[in-house]
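Okay, so the sequence shown: first residue is 489 according to the working numbering, each after it adds one. First up is the structure itself, then whatever we jot down about it.
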Amino acid sequence: DNHYHLILRELEPGGMRKLMKRVQIGYAMYFNRKYLRRGPVFDRRFEPTPIADLRHALNSIAYTHLNHVVDQLDHEHTGHRSMIGAASRHWIDSETGLRLFGDLAGYKRFLNREGPAIIDRKLRKYGMCRRTYRYRQMP
489 DNHYHLILRE LEPGGMRKLM KRVQIGYAMY FNRKYLRRGP VFDRRFEPTP IADLRHALNS
549 IAYTHLNHVV DQLDHEHTGH RSMIGAASRH WIDSETGLRL FGDLAGYKRF LNREGPAIID
609 RKLRKYGMCR RTYRYRQMP
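Here it is as structure tokens:
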């Protein structure tokens, strides 16, 4: 894959844009040097989308966690594992995320209710087979 999704809290105006520019340029330089190549590494430039309201925040978190349609919530780099307590990453604020859903049970209910539609939209967007990739319900 040549893209990623992050949900970040901006602490100072313009700070996120500066940070992401440094991250993407730095990683591209590392990657190109390591693999003896040139040019862009990522699909597109950093495109920030301010979160407008609670519903947008909940959908953004679910979309980010379900972004990898094959592995879905089992993907090793998803923040989902931190949200359910299966992994601990100091840079993921799971408590704030879970509070938005009410609690862990609310997070799971939201994913089970909205997950199929999120996966379906992504499959349609990229012309992928819906019979092959379906949302797997959480226990």
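We put the CB at the ideal spot given by N, CA and C, even for glycine. A quick note: this is a predicted structure, and the numbers were derived from the prediction, not measured.
At what residue ranges does the segment 537–609 contain a whole run of the beta strand (DSSP E), taking only runs of 3 or more?
-> none
Candidates 494, 517, 544, 570: closest to residue 527 by CA position = As a first step, residue 527 is located in the sequence shown; it is residue number 39 there, counting from the start. When each option's Cα is compared against that of residue 527, the closest is 517.
With DSSP as the reference, label residue 525 as helix, strand or coil.
-> Within the sequence shown, residue 525 is the residue found at index 37, counting from 1. In this structure, residue 525 counts as coil in the three-state DSSP scheme.
Kindly indicate which residue of 535, 546, 592, 514 has the alpha-carbon position closest to the one of residue 529.
-> The residue labelled residue 529 in the question sits at position 41 within the sequence shown. Comparing Cα-Cα distances from residue 529 to each of 535, 546, 592, 514, the minimum goes to 514.
Straight-line Cα distance separating residue 592 from residue 510 = Stepping through the sequence shown from its first residue, residue 510 is reached at position 22. Stepping through the sequence shown from its first residue, residue 592 is reached at position 104. Distance between the alpha carbons of residue 510 and residue 592: 34 Å.
Does the pairing of the segment 596–607 with the segment 547–558 give three or more beta-carbon distances under 8 Å?
-> yes
How big is the Cα-Cα spacing for residue 599 and residue 492?
-> As a first step, residue 599 is located in the sequence shown; it is residue number 111 there, counting from the start. As a first step, residue 492 is located in the sequence shown; it is residue number 4 there, counting from the start. Using only the alpha carbons, I get a separation of about 20 Å.
Taking just the CA atoms, how far does residue 582 sit from residue 569?
-> Numbered from its first residue, the sequence shown carries residue 569 at position 81. Numbered from its first residue, the sequence shown carries residue 582 at position 94. Answer to the nearest angstrom: the Cα atoms are 10 Å apart.
What's the call for residue 499, buried or exposed, on a 16-neighbour Cβ count within 10 Å?
-> By one-based count along the sequence shown, residue 499 stands at place 11. Residue 499 comes out exposed.
Buried or exposed: where does residue 502 fall if 16 or more other Cβ atoms within 10 Å of its Cβ makes it buried?
-> Working through the sequence shown from its first residue, we reach residue 502 at position 14. Looking at its Cβ environment, which holds fewer than 16 other Cβ atoms inside 10 Å, residue 502 is exposed.
Would you report the Cα separation of residue 535 and residue 497, rounded to the nearest angstrom?
-> Translated into positions along the sequence shown, residue 535 becomes position 47. Translated into positions along the sequence shown, residue 497 becomes position 9. Going by the C-alpha atoms only, they are around 15 Å apart.
If you count every other CB in all the chains shown that lies within 10 Å of the CB of residue 537, and 16 or more means buried, which is it?
-> Position 49 of the sequence shown, counting from 1, holds the residue named residue 537. Residue 537 comes out exposed.
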